[in-house]
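Letter by letter, the sequence shown follows residues 29 to 956 in our numbering. All C-beta atoms, glycine included, are put in the ideal place defined by N, C-alpha and C. The model shown is predicted, which means the values in this text are computed figures rather than measured ones. Written below as structure tokens is the structure these notes are about.
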Amino acid sequence: MGAVTAQRPGGSERLRTGGLEQLMTSTVADSRSGGDGGLGHAVHGSSWLRYTPRPGVFDEMMAPDGTVRPHWRDLMAQLDALGPREMALRADRSRRLIRDNGVTYNVYDDPAGHDRPWMLDPVPVLMEEREWIDLERALIQRAHLLNAVLKDLYGPRHLLSEGILPSALVYANPAYLRPLVGAKPRNDRFLHVLAVDLARSPDGRWWVVDTRTEAPSGMGYAIENRIIMNRVLPEVLPALPVHRIRNHLSVIRDALIASTPRTRENPRVVLWTPGPLNETYFEHVYLARYLGLTLVEGEDLTVRDGRVYLKTLEGLHPVDVILRRNESSFCDPLELRGESALGAPGLVEAVHDGSVTLANALGSGLAESPGLMPFLPALCNRLLGEDLYMPSVATWWCGQARERAYTQDRMAELRVRSAFDPTGPVLEGSQLDAAGREALREALDRHPHAWVGQESVALSTAPAWTENGLAPRTLVLRVHVCASRDGYVVIPGGLGRFAGGDDSSNVSMQNGGGSKDVWVLSRHPLGLPPRFRAGEHPITVVRGVRDLPSRVADDLFWLGRYVERCDATTRMLRAMVGRLAEHGAGSVALDVVLRLMWPMGHPPFAPPPGSEAGDHAQTVRAILDANLQPYNPTGLASMVLNVHRIGVRVRDRLSVDNWRAIDALIDTLALWRHTNSVPVAGAPPPSTAATLTLRPEEAAPRLSAVLMPLQVMAGLANENMTRGLGWRFLDTGRRIERALHILETFENVARTSGETRDAALDMALELGDSQMTYRARYLDAPQTVPVLDVMIADESNPRSLAYQFARLGLHMDSLAPDQAFGLRTHEQRLAVRLLGITRTVDLDRMDLMEPADGRRPPGDSATNRSLHDTAAMPPPEDLPALLRLLRSLLTALSESLARQYFAHAVEMRHGSGAPRFHVADDVLGAQP
């Protein structure tokens, strides 16, 4: 067996192997020339499972003699019993569950998609309990060590004055935040969560290859992996004594609550995310929901008089603990990174005042610097009085002359990376040509303190499922260490990450890698998992809390508007293609729909109505094509993208079923786009129909398919959402948008007469999904007054104006703060006025046209009259004036809500402009 040699000057211990590597190489070579015909070993007597480990590396499942390791045998026997067809089905089930649950990982600049579905292998990694106990002991020691390092460097700095750490390694590091020097977190706890990446060398020993202390990710994905594996292998996981992850989550939550700076019955703990564009945003949403924390962004927080507050509809609520997923330097633009739009100005002051606990503390990213690795053994002796239990991968900091010379001399064998940034690029010396190595040597001479040399580690492999069966993949194990009330605990198992290719050693998720669930096997049977432990103090029962962040209220309001806008546009397009199929290109019915679409901008380049009837078929094709373009701001695709974009921002407020409906909406439209030729947005329609493959007769079922997830979302909101403020803003947005669409429809009706009016009335009933209601009542063709009654004044019809205004009135009453009887808010008065008009309007005497002299009656206050001026006036007696008045009041209500309740970020979130190009392609897919 090869021995691990002593460390090099200024470097940590170095991985070096001898006999074991030769033994594994010869064993595998023998197996390849044996009776299996090069297909590999039969796994534990399996009739179909074959597996050939790679030479020269440690394999997690297979021993050097070609046998399956004892703790893997039960698993392999159960997988063998499933058979190849069933295993393939289980892999498909894993992918489907990931898709259904919306588990994603954001990959920057990925042409395949910005939101990439998470990749989980159906074959887990197994670890014996006795081996895990040794790892646990070493990782807890490392957590205490790094916490002590941060405590010293942000405090007395004895490590620098005593020369144990070079000053250049600390002061030149951008992660060392001088404004935080002297800040003391509660109980001197700088690190609450850290992630440690482990790799196994060919001799079977574990080594630390990286540490994450700034905003460590992976815990939420590990939890979701375990939940999915429970459904992928339901007969396997319960049969094995696997340590459960959930048992430790209550410890994490308790530790966060216990770290509050002051004693409170219900301390407010929030999870601070950079937002939906962060690569692990799914995990932020998942953890917030799983741990029962409020998910916030920087614009949700404000600092007043040295305290951090959450901006809610009710006012400012103090925040006690922040589980931070933002990089430290972005957290306070006042003291740290001035250009940051993600932070809360004044946060550093609040930290110094001790009024808030951050987990992890600001500046904790210093502890993850690769340049610290070679000094950890000495630091451990100095700070903890003991030897380091688990070594780091051999590292040489180039700020020391001997170490720099060693790195330059052995560059072909080493890898060179930043001494400060663990996420920066890694330069493999073996992959550089002579000119590249020379350029790197010069870079080391110019800025030696900014570089480290590291040994290239031969990572262990584990079996992964591929379309050809089991294959070895290089493995890195990410383990999470979390603070408890009196120390640290290690989450049993972790997140296994493997490389995507056959011979790749790059295990980055952003470079095509996948993940594995890690099972730690107990030596004893395990009982049922406990639920979250109840708190130490009784909790006061509350209902109808008003602590909804104003940003979330804004997003929910616009989510409701865009969902309703998608619904209205889809119905309008379906009515258009239906009339083309039923009545023909020159029909009055089709002309009426096109007249409605033209002022609404569907599409901007469509020929105006009134052109030759033969052109209408071409116009329909152009309109359909334009609505599939994500860069047409008034098109259906753009609206669907906005639903997805805003849905991502409030994902922690949406149920899994709601998110599946949004996914289904995206999938339906993406499939439609990929089965048709779509011209460039903004271009004029082609001159001949032959150049367009989209056939209008095929569009109706596609549009009906788009409506289905929209109806699911509406039903879920109506039946499943608690009637809190979030639901009220979501429904308020829907009601305002639906009312505006009804007004637009009847503005078109008011411009018609004769046969055209009959077609317009029929279209209004269809767009309002009220044809059955009308026919059940009147058993006759649409007539003006009955249609106006059904669509404008009937409060029992969920598609009427009066119904929308009645719901808005209820919502405005619920939003109004408690106050003296008789005092109404401006929003309440607007809602009352809207409903009052629809209740008092005399439809029998309603004139459908403007007065012949063009004068507006006194009741028409479309722009200039105040609410007080119009409150006592009777409704207008002609339809155009009535519609203008209702539109002006409805617009005033929307604007008043925005002023009163919504947060306004510097950049516009809900403008009508087209989405950014790469986002559109990422979500809906690039053009075929």
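For residue i, the nearest candidate out of the options (CA to CA)
i           : options            : result
residue 578 : 442, 478, 324      : 324
residue 415 : 690, 673, 165      : 165
residue 123 : 517, 260, 648      : 260
residue 873 : 769, 147, 817      : 817
residue 310 : 774, 77, 588, 245  : 245
residue 301 : 352, 687, 438, 183 : 352
residue 875 : 909, 859, 862      : 909
residue 192 : 406, 109, 367, 132 : 406
residue 381 : 343, 332, 345      : 332
residue 728 : 647, 776, 608, 624 : 608
residue 771 : 800, 726, 830, 810 : 830
residue 103 : 263, 524, 350, 144 : 263
residue 732 : 804, 748, 693, 576 : 693
residue 231 : 487, 179, 100      : 487
residue 511 : 491, 845, 819, 215 : 215
residue 490 : 906, 155, 828      : 155
residue 209 : 297, 456, 183, 234 : 183
residue 798 : 599, 746, 439      : 599
residue 662 : 688, 250, 612, 601 : 601
residue 432 : 417, 158, 473      : 473
residue 478 : 918, 213, 424, 439 : 424
residue 129 : 687, 328, 509, 552 : 687
residue 436 : 458, 418, 417      : 458
residue 256 : 690, 120, 624, 691 : 120
residue 792 : 775, 843, 808      : 775
residue 917 : 144, 865, 112      : 865
C-beta atoms of residue i and residue j nearer than 8 Å
i           : j           : result
residue 270 : residue 549 : yes
residue 778 : residue 620 : no
residue 211 : residue 411 : no
residue 393 : residue 420 : no
residue 239 : residue 395 : yes
residue 507 : residue 229 : no
residue 544 : residue 236 : no
residue 648 : residue 616 : no
residue 541 : residue 522 : no
residue 360 : residue 347 : no
residue 150 : residue 700 : no
residue 498 : residue 340 : no
residue 836 : residue 859 : yes
residue 364 : residue 207 : yes
residue 785 : residue 667 : no
Supposed contact pair residue j and residue i - C-beta distance, whole angstroms, cut 8 Å
i           : j           : result
residue 930 : residue 581 : 6 Å
residue 815 : residue 789 : 5 Å
residue 476 : residue 445 : Wrong, their Cβ atoms sit about 14 Å apart, outside the cutoff.
residue 974 : residue 854 : The chain is shown from 29 up to 956; residue 974 falls before or after that span and cannot be answered.
residue 832 : residue 763 : 4 Å
residue 674 : residue 590 : 7 Å
residue 225 : residue 504 : 5 Å
residue 547 : residue 110 : That pair is no contact at about 17 Å.
residue 384 : residue 500 : At roughly 47 Å, the Cβ-Cβ gap does not stay under 8 Å, so residue 384 and residue 500 are not in contact.
residue 390 : residue 379 : 6 Å
residue 285 : residue 298 : No, residue 285 and residue 298 are not in contact; Cβ-Cβ is about 12 Å, not under 8 Å.
residue 863 : residue 834 : 6 Å
Inset, instruction - Count the C-beta pairs between the stretch 860-875 and the stretch 732-749 that are closer than 8 Å, then say yes if the count reaches three, no if not. - result: At 8 Å Cβ cutoff, the stretches do not touch.
Legend entry - Runs of alpha helix (DSSP H) wholly within the stretch 742-803 (minimum 4 residues, chain order): Runs of alpha helix (DSSP H) with 4 or more residues, each lying fully within the stretch 742-803, are found at 753-777, 782-795, listed in chain order.
Inset, instruction - May I ask you to verify whether the stretch 167-177 touches the stretch 212-220, counting CB pairs closer than 8 Å and requiring at least 3? - result: Touching, yes.
Inset, instruction - Report yes or no: do the stretch 441-452 and the stretch 195-214 share at least 3 C-beta pairs separated by less than 8 Å? - result: The stretch 441-452 vs the stretch 195-214: in contact.
Legend entry - Entirely enclosed alpha helix (DSSP H) segments - the stretch 174-198, minimum 4 residues: Those alpha helix (DSSP H) runs which fall completely within the stretch 174-198 and span 4+ residues are 186-189.
Legend entry - Whole runs of the beta strand (DSSP E) within the stretch 380-444, excluding any shorter than 3 residues: Restricting attention to beta strand (DSSP E) runs no shorter than 3 residues, the stretch 380-444 encloses them at 385-387, 423-425, ordered along the chain.
Inset, instruction - Would you check if the stretch 316-330 and the stretch 273-285 touch, i.e. whether three or more CB-CB distances between them fall below 8 Å? - result: By the Cβ test, the stretch 273-285 is in contact with the stretch 316-330, since at least three Cβ pairs between them sit closer than 8 Å.
Inset, instruction - May I ask you to verify whether the stretch 465-473 touches the stretch 109-124, counting CB pairs closer than 8 Å and requiring at least 3? - result: No: the two stretches stay apart, fewer than three of their Cβ pairs being nearer than 8 Å.
Inset, instruction - Could I get the ranges of all uninterrupted beta strand (DSSP E) runs contained in the stretch 305-367, with 3 residues as the minimum, in chain order? - result: Every unbroken stretch of the beta strand (DSSP E) spanning 3 or more residues and falling wholly within the stretch 305-367 is given here in chain order: 322-324, 329-332, 335-340, 343-346, 349-352.
Legend entry - 4 or more residues per run - each alpha helix (DSSP H) lying fully within the stretch 245-314: At a cut-off of 4 residues, the continuous stretches assigned as alpha helix (DSSP H) that sit fully inside the stretch 245-314 are 247-260, 277-286.
Legend entry - Segments of 3+ residues assigned as beta strand (DSSP E) that fall wholly inside the stretch 445-499: Runs of the beta strand (DSSP E) inside the stretch 445-499: 454-456, 479-483, 489-494.
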